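See below for the structure under consideration.
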Amino acid sequence: MSEVNAAQVRELREKTGAGFMDCKRALSETGSDLEKAVVYLREKGLAAAAKRSARVASEGLVGSYIHAGGKIGVLVEVNCETDFVARTPEFQTLVKDLAMQVAAANPRYVLREEVPPDAIDAERSIYRAQAASSGKPPAVLEKIVDGKVEKFFSDVCLLEQPFIKEPQRTVGQLVTDAIAKIGENIVVRRFARFQLGEMTDPAA
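Position in the sequence shown counted from 1, then plus 846, gives you the working numbering.
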């Protein structure tokens, strides 16, 4: 393990939000390579988050966000384990970010498990019909269809969408990173998105 200096630890803490000793250990284990240390901390955090995911999350917040001069409104329920965490700025920022994501990206579900099987089957049928004219072998066509279905999930499922503020990571990764940083299980329970006039019958 290599020696690390305070400036490196401070920079890593600013990048990750991890504690002093965790950052010092990460830099020591990775030979003071900052990028490797970030990956090291994220992997440790993911492992910790996986353990926390089994814990009951029944506290939390219902957050709201109004966009486009009052033309789009969002309510989102995000749960955590304690009322104390629900009151922290970190958790409240996460809830606000999730509400903004729903307003901007218009997901239809929280998780892919919520997508009705008949909706997935309908999408597969469309993609198969589109790919059939390519003349590619059936095995290749199925891989193309599978890829399009994955893209469908990333469009309609909140946790699989690219995060609007950092498109290089998904909303699911945003939540997982928050679990690792905050130290409690966090669950995006449900959301509702309202767009002015979207249910209006033009014939009325």
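Ideal Cβ placement from N, Cα and C applies to all residues, glycine included.
Bear in mind that the values here come from a model prediction, so they are computed numbers and not experimental data.
Simplified DSSP state of residue 974, which is helix, strand or coil = The three-state secondary structure of residue 974, taken from DSSP, is helix.
In three-state terms, what does DSSP make of residue 909?
-> strand
Which residue or residues does DSSP assign as beta-bridge partners of residue 1008?
-> 1016
Put residue 1039 into one of helix, strand or coil per three-state DSSP.
-> strand
Beta strand (DSSP E) runs contained entirely in the stretch 936-976, provided each spans 3 or more residues = none
In three-state DSSP terms, what is residue 923?
-> strand
Whole-angstrom Cβ separation of residue 1032 and residue 925, contact assumed at under 8 angstroms?
-> About 7 angstroms separates the two Cβ atoms, so the contact holds.
Distance, Cα to Cα, residue 987 vs residue 945?
-> The alpha-carbon atoms of residue 987 and residue 945 are separated by roughly 37 angstroms.
What does a CB cutoff of less than 7 angstroms around residue 970 pick up in its chain, not counting 5 residues either side in sequence?
-> 991 and 995
Quick one: Cα of residue 920 to Cα of residue 908, how far?
-> 10 angstroms
Give a yes or no on whether the C-beta atoms belonging to residue 885 and residue 861 are separated by under 7 angstroms.
-> The Cβ atoms of residue 885 and residue 861 do not sit closer than 7 angstroms to each other.
Indicate the three-state DSSP secondary structure (helix, strand or coil) for residue 850 in the structure shown.
-> coil
Which value, in whole angstroms, describes the spacing of the CA atoms of residue 1014 and residue 985?
-> Going by C-alpha positions, residue 1014 is about 30 angstroms away from residue 985.
Close beta carbons around residue 1008, own chain, < 7 angstroms, minus the five adjacent residues each side | Closer than 7 angstroms at Cβ, skipping near neighbours: 1016.
Does DSSP put residue 1053 in a helix, in a strand, or in coil?
-> The requested residue 1053 does not occur in the structure, where the chain is confined to residues 847 to 1050.
Mind the definition here: the stretch 931-943 touches the stretch 959-973 only if three or more C-beta pairs lie below 8 angstroms; say whether that holds.
-> no
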